[in-house]
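Numbering-wise (my numbering), the sequence shown opens with residue 1422 and increments by one. Ideal Cβ positions, reconstructed from N, Cα and C, are used throughout, including at glycine. Only a predicted model underlies this, so the values are computations on that prediction, with no experimental measurement involved. To keep things clear, I will list the structure first and then write my remarks on it.
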Amino acid sequence: MGGNNTKGLWLCEQIFPTATGRSFIPQEKLQKAIQQQSIPQSALNPPSPDPDVDEDMDTIVEKHFGEVWAYYDKKSKGFLTKSECESFFKDALEVYALRQGKKVKDVLAVSQSQAFNQIFKTLDKQNTGKVDKATFEEFIYSADLDEALENFIGTTGFRDVKNTVKFVDLSTFAAAAQNKHSAASIVYREYPDD
1422 MGGNNTKGLW
1432 LCEQIFPTAT
1442 GRSFIPQEKL
1452 QKAIQQQSIP
1462 QSALNPPSPD
1472 PDVDEDMDTI
1482 VEKHFGEVWA
1492 YYDKKSKGFL
1502 TKSECESFFK
1512 DALEVYALRQ
1522 GKKVKDVLAV
1532 SQSQAFNQIF
1542 KTLDKQNTGK
1552 VDKATFEEFI
1562 YSADLDEALE
1572 NFIGTTGFRD
1582 VKNTVKFVDL
1592 STFAAAAQNK
1602 HSAASIVYRE
1612 YPDD
């Protein structure tokens, strides 16, 4: 796993969850970490998708942020050094690559050190060589995995989203419901592009 350990990867999956809760960490790695008691047994059995698809991401992050912080701030200093912060980003990048079914080197748009230095400058607002807990927490709460790694994977800037939704005129269904013998047909309405 590129020198990254399973607990760090698992923690990154907790604060940057997939829609299904499925882990992309290889099962044998999860099992070994469970045997070492570094992650809980439940890691092998992801939760079933929550029926509330709009669950507040802050709630999900809140459940695990303290553990993530404690893991990377091993000496409880209240800040992350540059190397501790880099460990977090390496783990997050490994999780991203696993989800893409690729190796880390294949998802990088720029050199890993160049991207990390750029993101660390953003997080180290006081230019002290460290990132305080409040800044790190704000960053985690404000970004999903793709956004957190945009400097690494090259997704910065405007993203053009193509709208492929077609609008359906449902009035024909209401008319068909009143006249039980006729079938409703779908009528697509065209809307001009803005």
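- In the three-state reduction of the DSSP assignment, Lys1524 falls in the coil class.
- The three-state reading of DSSP puts Phe1445 in coil, since its state is none of H, G, I, E or B.
- Val1482 is not a Cβ neighbour of Leu1432, given a cutoff of 8 Å.
- For Val1552, the secondary structure class from DSSP, reduced to helix, strand or coil, is strand.
- For Leu1501, the enclosing beta strand (DSSP E) begins and ends at Phe1500 to Thr1502.
- In this structure, Lys1428 and Ala1454 form a Cβ contact; the two beta carbons are roughly 6 Å apart against a cut-off of 8 Å.
- Taking a 10 Å sphere around the C-beta of Asp1512, we find 16 or more other C-beta atoms and assign the residue as buried.
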